[in-house]
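Colleague: In the numbering used here, the protein residues as written are 4 to 535.
Here it is: the structure, laid out below.
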Amino acid sequence: MTHSGSPAAHDPRTQRSAEQGQGRTGSVPAAVWAAAGLALALRLVLSLSTGFTAEDFLISLRHAENLAAGHGLVYNPGERSLGATSPLYVLLLGLLSWMGLPASALGKAVNTAADAVLCLAVYRWMRAAGHERAGRVAAFLVAVHPWHARWAVSGMETSLATLGGLAALEAFAAGRTGRAAALLGLLFLVRWDSLLLAGTLAGAHLLRVRRPPVREAALYAAIVAPWTLFSLWVYGTPVPTTGNAKMTVYGWRFQGQWLPQLDDLAVRFLGTPGAALLTTLAVVGAARLARQGVGALGPGLAWMGIYWTAFLLSRNLLFEWYLVPTLPVVEAAAAVGMTGLAERLRVSRSIAWTAAGLAAAGLALVSIRTCTEAQSIEENLRKPIGLWLRAHSRPGDRVMLEPVGYIGYYSRLRVVDVVGLVTPQVLPYWRRGSPAPFLDIARAFRPEWCVLRPGELKRMVEAARSSSRPWEREYVLARTFAYTPRPDREPIIFHVFRRIGDPRESTSVRPRGPGPARNRTQGPRAAGSDAG
4 MTHSGSPAAH DPRTQRSAEQ GQGRTGSVPA AVWAAAGLAL ALRLVLSLST GFTAEDFLIS
64 LRHAENLAAG HGLVYNPGER SLGATSPLYV LLLGLLSWMG LPASALGKAV NTAADAVLCL
124 AVYRWMRAAG HERAGRVAAF LVAVHPWHAR WAVSGMETSL ATLGGLAALE AFAAGRTGRA
184 AALLGLLFLV RWDSLLLAGT LAGAHLLRVR RPPVREAALY AAIVAPWTLF SLWVYGTPVP
244 TTGNAKMTVY GWRFQGQWLP QLDDLAVRFL GTPGAALLTT LAVVGAARLA RQGVGALGPG
304 LAWMGIYWTA FLLSRNLLFE WYLVPTLPVV EAAAAVGMTG LAERLRVSRS IAWTAAGLAA
364 AGLALVSIRT CTEAQSIEEN LRKPIGLWLR AHSRPGDRVM LEPVGYIGYY SRLRVVDVVG
424 LVTPQVLPYW RRGSPAPFLD IARAFRPEWC VLRPGELKRM VEAARSSSRP WEREYVLART
484 FAYTPRPDRE PIIFHVFRRI GDPRESTSVR PRGPGPARNR TQGPRAAGSD AG
């Protein structure tokens, strides 16, 4: 962030004219390539040091392995339900698995590479908008931000979806509307909620050229039509069941509340010093853009507003990976704010490089710590539960639970998913007024096993007693698993119940699963809390 001593070097009009000239060139500066290399290096270190694999990725992986085994693109063989959020990504994983390749490792590699390319894409987008210098800063922010890094190595499709959205914005900003339409068509197959971005760019096109994007819409339709027709024929819906399931279940959970996730969203962007600093810089940058004119960045800013308005109105639970697709827009605004402040303060190159190095190191440590703790929970709790169920169940057994990722994958049991991501048949039981939909689902489907958190169990027991059919007459506690990830946290607890009436011993089964004995209990502890 250096500046020459001439007054013209500090004249915003001179600088903006120069940046617009640079925006017409096709080369990518070494600093941006360095940011892409840094992104690769940080994610490689993060993946190798933590082994982080997200819970939801194992839902996609089970779909993929079933497809490779000839059972179709389904979670439970024989049940026509599309519970994978990203059909195109799952098809890729399925192809890799069918070829005998390590689908999990290669899926992570694809998303890691996508993050590196994202550094280039955000730079090219901002260069096309006339903010070349800020584009270099934005590329660095993409490289080091913990959210990007964490979800790139998680196995999920988040980084691919983020790259697809940014590439479409960059193509649109450069006037390549046909390319933008093609990218949006492919992006729909990765994340169906990209419809919001497609609609935003269609509206921007209409405002820009005063005619509807007919040819672009035809290209988009040609790309999405084959999958849409196939999905309607096989599953009865063109989009995965996950969106409807989450809105139904979380709508029940937050009934009567207006924008229940607004506070959580504010905490995500303001709750830590680093997040608050980035958000503040983004506000400064947005104010600067408002004065200068948003230009080609306008559609991206509009999409971010539409995306978060739709999300908050849906009352869906705020998972961190939902934050990532629009994060480059925040980083772009923050980069504009940073370069503006650097001009005013005349920040030297040595100070800028020192700050960048400290930020990269600090954020890398944050990512490693967060991913290490998250993976320790999976390795010491949910994975052992799945392995224990696999060892103690019989062919054809079903398990009812909410966290279907690790437990479902490692148990290999048929799953009754209470949220309805892979079992949409449960959604009618989330009717308003029901005190315990978990209990209604258990009684309707009668699974051989139930895995419950203490809070879920408490609500079920209370509702069962009020119905004069105590829970204890229907299910017996078989095992309790508990794990404390660090001393300042409460233990995370899951109770495993077996249905009474199975021709088995009536006493609780002793476990054979791995894990430290001190983190396990045999009776239901802390049944009044919902830890974990």
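For every residue, glycine included, the Cβ atom is placed at its ideal position computed from N, Cα and C.
In this text, all values refer to a predicted model and were calculated from it rather than measured experimentally.
Could you check where the beta strand (DSSP E) with Y478 kicks off and where it finishes?
Modeller: Segment 478-486, the beta strand (DSSP E) holding Y478.
Colleague: Using the three-state DSSP reduction, which class does M403 fall into: helix, strand or coil?
Modeller: Looking at M403 - three-state DSSP - the assignment turns out to be strand.
Colleague: If you check the beta carbons only, do C122 and A174 fall under 8 angstroms apart?
Modeller: No, they are not a contact pair.
Colleague: With burial defined as no fewer than 16 other Cβ atoms inside 10 Å of the residue's Cβ, what is the status of V499: buried or exposed?
Modeller: V499 is buried by the Cβ-count criterion.
Colleague: Please state whether DSSP places L368 in a helix, a strand or coil.
Modeller: The answer is helix: DSSP assigns L368 an H, G or I state.
Colleague: Please look up how many angstroms separate the CB atoms of A262 and H151, rounded, as I've assumed it's under 8 angstroms.
Modeller: At residue 262 the sequence reads Leu, which differs from the Ala that was named. Contact doesn't hold; Cβ gap of about 26 angstroms is too wide.
Colleague: CB M403 to CB V421, shorter than 8 angstroms?
Modeller: Yes.
Colleague: Does the beta-carbon distance from A337 to A285 come in below 8 angstroms?
Modeller: Yes; because the gap between Cβ atoms is below 8 angstroms, this pair is in contact.
Colleague: Buried or exposed for V212, please, with buried defined as at least 16 other CB atoms from any protein chain shown within 10 angstroms of its CB.
Modeller: Burial call: exposed.
Colleague: Could you check whether the segment 205-225 touches the segment 267-286, counting it as contact only if at least three pairs of C-beta atoms, one from each stretch, sit closer than 8 angstroms?
Modeller: Short answer: they don't touch.
Colleague: For K111, which residues of its own chain have a beta-carbon under 7 angstroms away from its beta-carbon, when the five flanking residues on both sides are left out?
Modeller: Around K111: S50, V156, G158.
Colleague: What residue does the beta strand (DSSP E) around H498 start on, and which one ends it?
Modeller: That run of the beta strand (DSSP E) goes 495-502.
Colleague: Which class does D536 belong to by DSSP, given the choice of helix, strand or coil?
Modeller: Only positions 4 to 535 of the chain appear in this structure, which leaves residue 536 out of reach.
Colleague: Quick one: residues in its chain with C-beta nearer than 7 angstroms to the C-beta of L166, no 5 flanking neighbours on either side, listed in chain order?
Modeller: Closer than 7 angstroms at Cβ, skipping near neighbours: A117, V120, L121, A124.
Colleague: For G408 and I62, which I take to be in contact (beta-carbon distance under 8 angstroms), what is that distance rounded to the nearest angstrom?
Modeller: That pair is a contact at about 5 angstroms.
Colleague: Find the nearest neighbour of Y310 within the set A185, L416, W195, judged by alpha-carbon distance.
Modeller: Checked all of A185, L416, W195; the closest Cα to Y310 is W195.
Colleague: Per DSSP, W452 is paired with what?
Modeller: In DSSP, W452 forms a bridge with V402, R501.
Colleague: Under 8 angstroms: do the segment 462-472 and the segment 427-442 share three or more Cβ pairs, one atom per stretch?
Modeller: Touching, yes.
Colleague: Put G518 into one of helix, strand or coil per three-state DSSP.
Modeller: Reliability fails at G518, whose pLDDT of 39 lies under 50, so the model's placement of it is uncertain and the value that follows must be treated cautiously. In the structure shown, G518 sits in coil (DSSP, three-state: anything other than H, G, I, E or B).
Colleague: Among A42, V193, S414, G411, which has the Cα closest to the Cα of P149?
Modeller: The option with the nearest alpha carbon to P149 is A42.
Colleague: With 16 as the cutoff for other CB atoms within 10 Å, does S509 come out buried or exposed?
Modeller: For S509, the predicted structure reports a pLDDT of 43, less than 50, and the residue's modelled location is therefore unreliable. A value from the coordinates is still provided. Looking at its Cβ environment, which holds fewer than 16 other Cβ atoms inside 10 Å, S509 is exposed.
Colleague: I503: buried (16+ other C-beta within 10 angstroms of its C-beta) or exposed?
Modeller: Per the 10 Å Cβ criterion, exposed.
Colleague: Can the beta-carbon of D400 be found less than 8 angstroms from the beta-carbon of E477?
Modeller: Contact: no.
Colleague: Which ranges would you report for the alpha helix (DSSP H) in the segment 171-228 if only whole runs of at least 4 residues count?
Modeller: The qualifying runs are 180-193, 198-212.
Colleague: Under the assumption that V425 contacts G75 (Cβ atoms under 8 angstroms), give the Cβ distance between them as a whole number of angstroms.
Modeller: Contact flag wrong, Cβ pair sits at about 13 angstroms.
Colleague: Please report the straight-line C-alpha distance between V339 and Y126, rounded to a whole angstrom.
Modeller: Spanning the two alpha carbons is a distance of roughly 12 angstroms.
Colleague: Given a threshold of 16 other Cβ atoms within 10 Å of its Cβ, counted over all protein chains shown, does A146 qualify as buried or as exposed?
Modeller: So A146 counts as buried.
Colleague: According to DSSP, is G81 part of a helix, a strand, or is it coil?
Modeller: Here G81 sits in coil by DSSP.
Colleague: Between Y92 and L190, which are expected to be in contact by the criterion C-beta below 8 angstroms, what is the C-beta distance as a whole number of angstroms?
Modeller: The pair is not a contact, with the Cβ atoms about 11 angstroms apart (cut-off 8 angstroms).
Colleague: Do you know whose CA, among T357, C453, W324, lies nearest D59's CA?
Modeller: Comparing Cα positions, the closest option is W324.
Colleague: Please name the residue, chosen from L172, P90, R482, R385, that lies closest to L187 on a Cα-to-Cα basis.
Modeller: When only C-alpha atoms are compared, the closest one is L172.
Colleague: Of all the alpha helix (DSSP H) runs that stay within the bounds of the segment 241-288, which reach a length of 4 or more residues?
Modeller: List check, alpha helix (DSSP H) in window: 245-256, 265-273.
Colleague: Which of the three DSSP states is assigned to D420 in this structure?
Modeller: Correct three-state label for D420: strand.
Colleague: Measuring straight from C-alpha to C-alpha, what distance separates E135 and A106?
Modeller: Computed Cα separation, rounded: 38 angstroms.
Colleague: What's the C-alpha gap between A279 and A269?
Modeller: One C-alpha to the other measures close to 10 angstroms.
Colleague: If you measure between the beta carbons of A137 and T342, is that distance less than 8 angstroms?
Modeller: Cβ distance < 8 angstroms, so A137 and T342 count as in contact.
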